[in-house]
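Notes follow the structure.
Residue numbers (this note's numbering): 466 to 704.
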């Protein structure tokens with residue numbers, strides 16, 4: 466049985482999943498996605514309204530979020546608990562980082578949220594009409610993900626030596642790079658839809674509904690952050 470996919474979080478979890486008598490369903494997975502999005506939204510709103518921006522707070526929350534994400538990826542059976550904790554921490558982090566972007570570029574957050582929602586609906590429509598598109602784009606998305614990751618790592622290493630790659634600037638190269646990443650993240654959503662569909666078809670255990678919802682949320686958060694950065698680059702380039 467091969468249900469491999471480009472989202473590392475989901476791929477790892479499905480490989481480690483063991484049948485426990487009940488199987489995941491589309492309806493059950495959607496319910497979990499809604500729950501996690503609700504938790505994330507509550508964390509976002511609370512952070513936005515009541516937590517003053519602090520680099521220390523943002524760093525602390527981001528570390529906690531990463532730890533919970535790694536635990537969830539390593540032990541999928543814990544997803545029914547850890548994914549909720551992840552969503553809460555991620556919501557706090559997104560609220561904090563979004564507040565920072567909004568201080569620098571007022572009014573930037575709402576368009577980023579709306580564009581993320583648009584991307585979700587567009588990909589759902591496209592995937593619903595032609596599910597096989599996920600299979601045709603899987604290899605390309607994987608190559609793109611590896612390239613983006615490698616480029617980001619190189620950029621981080623060079624930054625320690627005071628070298629900033631053009632992709633991080635608000636110039637044409639930086640804007641084009643961010644646009645490409647947004648496209649890759651958007652297409653990755655369809656890979657997640659496909660993976661969830663395959664999980665239900667192959668009778669993956671019930672707890673994988675939480676894990677699949679967690680994996681989709683990881684992609685959604687990535688997409689939102691990339692759209693936020695893209696808009697920020699475009700706005701700052703006009704100054």
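A virtual CB, placed ideally from N, CA and C, is assigned to each residue, including glycine. All values derive from a computational prediction rather than experimental measurement.
In DSSP terms, what residue 670 is bridged to: 488
Integer Cβ distance of residue 551 from residue 679, believed to fall under 8 Å: Confirmed, Cβ separation roughly 6 Å.
Secondary structure of residue 703, DSSP reduced to three states: coil
Residue 618, buried or exposed, once every other Cβ within 10 Å from all chains shown has been counted against 16: exposed
For residue 539, the three-state DSSP class (helix, strand or coil): helix
Coarse secondary structure for residue 626, derived from DSSP in three states: Residue state, collapsed to three classes: coil.
Where residue 567 sits in the DSSP three-state scheme: helix
Neighbourhood of residue 710 by C-beta distance below 6 Å, restricted to the same chain and skipping five residues each side: The structure shown does not extend to residue 710, since the chain is modelled only from 466 to 704, so the question has no answer here.
Residue closest to residue 513, alpha-carbon to alpha-carbon, out of 546, 566, 634: 566
Per-residue burial, residue 636 [other beta carbons within 10 Å of its own, 16 or more giving buried]: Label assigned to residue 636: exposed.
Span separating the alpha-carbon of residue 670 from that of residue 572: 43 Å
Whether residue 694 touches residue 643 by CB criterion (7 Å): yes
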